[in-house]
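Trainee: First the structure, then my questions, so here it is.
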Amino acid sequence: MDDINRHYRFLNWRRRMREIREVRAARYRERLKRMLRDGDVLRYHGNSDEVGCFVAARPLSKRNRYFEVTIMDTGVRGMIAVGLVPPLYKLDHQPGWLPNSVAFHADDGKLYNGNTVGQQFGAKCSTGDRIGCGISLDCDEGQLTVFFTKNGAEVGSVDIPASPDALYPAVGMHSLGEEVLLDLNAEWGTDQDDGQMIVDSHEEDWARLHDIKATGMLLEYVGKGKSIVDVGLAQARRPLNTRCHYYELEIADAGEKCYIALGLARRDYPKNRHPGWSRGSIAYHADDGKLFHGSGVGDAFGPRCFEGDIMGCGIMFPRDFNLDAGDEGDDWDLDLVSPPAEVQNDLYANNEDEDKDEGEDLEGRKATVRSGSIAK
Numbered sequence: 001m002d003d004i005n006r007h008y009r010f011l012n013w014r015r016r017m018r019e020i021r022e023v024r025a026a027r028y029r030e031r032l033k034r035m036l037r038d039g040d041v042l043r044y045h046g047n048s049d050e051v052g053c054f055v056a057a058r059p060l061s062k063r064n065r066y067f068e069v070t071i072m073d074t075g076v077r078g079m080i081a082v083g084l085v086p087p088l089y090k091l092d093h094q095p096g097w098l099p100n101s102v103a104f105h106a107d108d109g110k111l112y113n114g115n116t117v118g119q120q121f122g123a124k125c126s127t128g129d130r131i132g133c134g135i136s137l138d139c140d141e142g143q144l145t146v147f148f149t150k151n152g153a154e155v156g157s158v159d160i161p162a163s164p165d166a167l168y169p170a171v172g173m174h175s176l177g178e179e180v181l182l183d184l185n186a187e188w189g190t191d192q193d194d195g196q197m198i199v200d201s202h203e204e205d206w207a208r209l210h211d212i213k214a215t216g217m218l219l220e221y222v223g224k225g226k227s228i229v230d231v232g233l234a235q236a237r238r239p240l241n242t243r244c245h246y247y248e249l250e251i252a253d254a255g256e257k258c259y260i261a262l263g264l265a266r267r268d269y270p271k272n273r274h275p276g277w278s279r280g281s282i283a284y285h286a287d288d289g290k291l292f293h294g295s296g297v298g299d300a301f302g303p304r305c306f307e308g309d310i311m312g313c314g315i316m317f318p319r320d321f322n323l324d325a326g327d328e329g330d331d332w333d334l335d336l337v338s339p340p341a342e343v344q345n346d347l348y349a350n351n352e353d354e355d356k357d358e359g360e361d362l363e364g365r366k367a368t369v370r371s372g373s374i375a376k
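Using full-length UniProt numbering, the first residue of the sequence shown is number 1, and each one after it goes up by one.
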């Protein structure tokens, strides 16, 4: 009966993951027309009689409120526009031309605010110039302050009736040869006085950060990355428990090879080993889609993951599961002892050391570990 219930819960979990994947895929998809994207480079791909437009997959937000575009080539006329548009913006119009959109145009230095007639705003831009666009969080409800920068200096701002989650970064082009470098994760204001820019690093949430930098909810690898031992490890202060049994991460930047692993590990896990490589750990690896279970050799498990994908890991505790300690799991160490099946692995809690015989019989509390990914 327990096996039937577990199988039923697993089928529900798979259906839920599929539904979430479909919703996110429909919502978070960039759109472009008469443009080609090669990594972070956007190029005009029209005949100069028609506008090309790019709209990012995600709107600006409190966490990511600024982006920049560097002009690599102005092409024939330099008709490049940088701004914000609603999600269903018509891609055959320059940003700023239609209602509920605003943009700074490089060819004439004008601001277009929902109108095909612009207002003088700043200087014209040419090859090598960097145009930025962001939102201010200090504004009245229902109103949004949008500001623009050129080469790191603020040009000006405009107040528009909108909410932050309704405006998406957009780039428009209108002549042959135009090419820009897009940075959707650019930062604004980091050079200001420390008293004006306070960031919660969330470092208190982590027991260990080895070659990993925490900035708010963002984890960034800062190691050398030259050999197999140059691994960064971020380990949470508290283990998963029956009250908090699942967590997720979103790949904001895949780096060179997307060597990102998500899983569970014992408290004294080696800091220079990816989760899953050493005994007492299990992890889903993004670069190859394999599950590593206390071994440097992984098993085929799921799809590879890329920038924008969301990976999750959780524990399905048995109904009669109880921790011996009064506080749920502050002091229990995890060890994994059984080989992975198709999509589940057995997790045991105990206090075995790394150097003990792996063939030794172990006793512990058994639970099921689930891992999955949601493609963008």
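Ideal placement from N, C-alpha and C gives every residue a C-beta, glycine not left out. Since we're looking at a predicted model, the values are computed, not measured.
1) Just to check my reading of the structure: residue 156 and residue 122 have Cβ atoms closer than 8 Å, yes? What is that Cβ distance to the nearest angstrom?
2) Should residue 180 be labelled buried (16 or more other beta-carbon atoms within 10 Å of its own) or exposed?
3) Residue 270 by DSSP, collapsed to three states: which one?
4) Would you give the residue range spanned by the beta strand (DSSP E) that residue 285 belongs to?
5) Please go through the same chain and pick out, in chain order, the residues whose beta-carbon is closer than 8 Å to the beta-carbon of residue 354, but skip the five residues on each side of it.
6) Given this structure, state the Cα-to-Cα distance separating residue 236 from residue 61, to the nearest angstrom.
7) Name the one or two DSSP bridge partners that residue 206 has.
8) Count the other CB atoms, across all protein chains shown, that sit within 10 Å of the CB of residue 84; report buried if there are 16 or more and exposed otherwise.
9) Count the other CB atoms within 10 Å of the CB of residue 165; is the residue buried (16 or more) or exposed (fewer)?
10) In angstroms with no decimal places, state the Cα-to-Cα distance between residue 127 and residue 55.
11) Looking only at DSSP bridge pairs, what is residue 219 linked to?
12) Quick check on residue 166: does DSSP put it in helix, strand or coil?
13) To the nearest angstrom, report how far apart residue 221 and residue 167 are at their CA atoms.
14) Using a Cβ cut-off of 9 Å (strictly closer), state whether residue 72 contacts chain B.
15) Taking the beta strand (DSSP E) that residue 79 belongs to, which residues open and close that run?
16) Taking residue 77 as the reference, give the member of 175, 250 and 313 with the closest Cα.
17) For residue 226 and residue 256, what's the separation of their Cα atoms in angstroms?
18) Only counting the same chain, and skipping five residues up and downstream in sequence, which positions put a Cβ closer than 7 Å to that of residue 47?
19) Should the stretch 27-45 be called in touch with the stretch 142-151, which here means at least 3 C-beta pairs below 8 Å?
20) Which runs of the beta strand (DSSP E) spanning at least 3 residues fall entirely within the stretch 81-137, listed in chain order?
21) Contact check, residue 209 vs residue 234 under 8 Å by CB: the rounded distance?
22) Taking 9 Å as the threshold (C-beta atoms), are residue 72 and residue 173 in contact?
23) Is residue 63 near residue 217, with beta carbons less than 9 Å apart?
24) Would you check if the distance between the CB atom of residue 125 and the CB atom of residue 68 is smaller than 9 Å?
25) Within 10 angstroms of its Cβ, does residue 321 collect 16 or more other Cβ (buried), or is it exposed?
26) What did DSSP end up calling residue 16 once you bin it into helix, strand or coil?
27) Suppose you measure from the CA of residue 171 to the CA of residue 82; what does that come to, to the nearest Å?
28) Quick one: give me the first and last residue of the beta strand (DSSP E) that residue 228 is part of.
29) Would you tell me roughly how many angstroms separate the C-alpha atoms of residue 100 and residue 287, rounded to the nearest one?
30) What's the C-alpha gap between residue 252 and residue 116?
31) DSSP three-state call for residue 8: helix, strand or coil?
32) Quick one: give me the first and last residue of the beta strand (DSSP E) that residue 54 is part of.
33) Please report how far the alpha carbon of residue 211 lies from the alpha carbon of residue 238, in whole angstroms.
34) Need the endpoints of the beta strand (DSSP E) that residue 43 sits in, please.
35) Residue 290 by DSSP, collapsed to three states: which one?
36) Given a threshold of 16 other Cβ atoms within 10 Å of its Cβ, counted over all protein chains shown, does residue 94 qualify as buried or as exposed?
Mentor: Taking the structure as given:
1) By a beta-carbon distance limit of 8 Å, residue 156 contacts residue 122. Their separation comes to about 6 Å.
2) Classification of residue 180: buried, given that the 10 Å Cβ count is 16 or more.
3) Coil at residue 270, not helix or strand.
4) Looking at the DSSP string, the run of the beta strand (DSSP E) that includes residue 285 is 281-285.
5) Bear in mind that a pLDDT of 39 at residue 354, under 50, signals an unreliable position, so the number given afterwards is only what the model happens to contain. Take residue 354, set aside five residues on each side of it, and the residues of its chain with a beta-carbon closer than 8 Å to its own are 268, 270, 278, 279 and 280, in chain order.
6) Roughly 26 Å between the two C-alpha positions.
7) Answer by DSSP bridge pairing, in chain order: 236.
8) Within a 10 Å sphere around the beta-carbon of residue 84 sit 16 or more other beta-carbons, which makes this residue buried.
9) Classification of residue 165: exposed, given that the 10 Å Cβ count is below 16.
10) Between the alpha carbons of residue 127 and residue 55 lies a gap of roughly 22 Å.
11) Paired residue(s): 214.
12) Correct three-state label for residue 166: helix.
13) Going from the Cα of residue 221 to the Cα of residue 167 covers about 30 Å.
14) This model lacks chain B altogether, as it is built from one protein chain only.
15) Where residue 79 is concerned, there is no enclosing beta strand (DSSP E), given that its DSSP letter is neither H nor E.
16) Closest option to residue 77, Cα to Cα, is 175.
17) Roughly 12 Å separates the two Cα atoms.
18) Correct list: empty, nothing qualifies.
19) Three or more Cβ pairs closer than 8 Å define a contact, and the stretch 27-45 falls short of that threshold against the stretch 142-151.
20) Counting whole runs of 3 or more residues, the stretch 81-137 contains the beta strand (DSSP E) stretches 81-85, 102-105, 110-113 and 130-136.
21) Residue 209 to residue 234, Cβ: 6 Å. Contact.
22) The answer is no: Cβ separation not under 9 Å.
23) Contact check for residue 63 against residue 217 passes: the beta carbons are separated by less than 9 Å.
24) Using a Cβ distance threshold of 9 Å, residue 125 and residue 68 do not count as a contacting pair.
25) Under the 10 Å beta carbon count, residue 321 is surrounded by fewer than 16 other beta carbons and is classified as exposed.
26) Note: residue 16 maps to helix in three-state DSSP.
27) Going from the Cα of residue 171 to the Cα of residue 82 covers about 5 Å.
28) Segment: none, residue 228 is in no beta strand (DSSP E) and carries neither H nor E.
29) Going by the C-alpha atoms only, they are around 40 Å apart.
30) About 35 Å.
31) Helix.
32) Where residue 54 is concerned, the enclosing beta strand (DSSP E) starts and stops at 52-55.
33) About 20 Å.
34) Start and end: 41-44.
35) In the structure shown, residue 290 sits in a strand (DSSP, three-state: E or B).
36) Burial call: buried.
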